[in-house]
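**Student:** In case it helps, mature numbering (1 follows the signal peptide of the UniProt record, and there is no 0) puts the sequence shown at residues -23 to -1, 1 to 205.
Here a beta-carbon is modelled for each residue, glycine too, at the ideal position from N, C-alpha and C.
Here it is, the structure, as C-alpha cells.
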Amino acid sequence: MESKFLFLINLLVLQYLAVLCVSQDFDFFYFVQQWPGSYCDSGKSSCCYPTTGKPAADFGIHGLWPNYNDGSYPQNCDPNNPFDESKISDLISNMRRNWPTLACPSGSGETFWSHEWEKHGTCSESVFDQHSYFETTLGLKQQTNLLQALKTAGIKADGRTYSLGDIKDAIKEGTGYTPWIECNQDSSGNSQLYQVYLCLDNSGSSLIECPVFPKGKKCGSEIEFPVF
C-alpha cells in the first residue's frame, strides 16, 4: 500500500513538473507583420489574392511566434489541438482584413491560419487558447499601426527608396520599441521592405524590446517601399 502511495505521489510530482516546463517553455514572442507589395513583387514567391478579393494596402499579420532567447523556437507542440475555425467564428471578418493570405492557389485564409496555430500557437497553450491567440494578435496589429507610423515620418509605399535607419526610427517612434526589419528582393534584384518584427513578453500581455533579433537576411542601408 505504501509503495502504491509513493508511486502516486511521484506521478503527481512529475505531472506538475511537466506542466511547469510547458508553461515556461519559451521566453518571448515575435509579432511579425508583412508588406503585401513586397510579398507580391518578389521573384521567389507566387502571389495570389484571397478569394475574398485584393487585401488593403496595409501591413498584414504573418504570425505570433514563441521564441527562445538563444534564437531557436519550439514548433508543432500539440498535434491533439488542431485549428478549429468554429472557435474563432466571431473573428473571421477581422482576420480576413488584417491577416490575409497571399499564397497560391487563392484561399480564404483558413489554411494560413491553421498553419500558424498548429506550428506556433500550440506552443503557447500555457498563455493562449485558440481564440485568445488570434484575438491578441489582431489587437497587436491595431496597437502598433505600422503604416501610420511610417506615414507620420513621411515614408510612403510609393516605390521610392528610403533609409533603413529612417524606417526603423519611424517605427520605434510610433510603437515605442525597436523593430527588426527583414528585406526581400523584387523581380529586378532590389532590396525592399518585407517584414517587421516586434516582440511581446512571454505572458502575452506587453510589447518589449526584443531579447534577440532573427538571423534572417539583412537589409541594405537603402531599401524600397513598393506600391501595392
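1) So, helix, strand or coil for Cys17, using DSSP?
2) What are the boundary residues of the beta strand (DSSP E) that Leu41 is part of?
3) Should the stretch 116 to 130 be called in touch with the stretch 86 to 102, which here means at least 3 C-beta pairs below 8 Å?
4) Suppose the cutoff is 8 Å on Cβ atoms and the five residues either side in sequence are ignored; what does the same chain contact list for Phe105 look like?
5) What residue range does the beta strand (DSSP E) around Phe5 cover?
6) Less than 8 Å separating the beta-carbons of Asn179 and Asp4?
7) Do the stretch 8 to 27 and the stretch 47 to 63 touch if we need at least three Cβ pairs shorter than 8 Å?
8) Can you check which of these residues, Val173, Phe6 and Gln162, is closest to Trp42 by C-alpha distance?
9) At the level of alpha carbons, what is the spacing between Gly116 and Ile144?
10) Report the option in His39, Pro203 and Gly136 whose CA atom is closest to the CA atom of Lys96.
**Tutor:** If we stick to the structure as given:
1) helix
2) Gly37 to Asn44
3) Output reads no: the stretch 86 to 102 does not touch the stretch 116 to 130.
4) Gly98, Thr113 and Gly181
5) Phe5 to Gln11
6) Cβ atoms of Asn179 and Asp4: closer than 8 Å.
7) They do not touch, by the three-pair rule.
8) Phe6
9) 22 Å
10) His39
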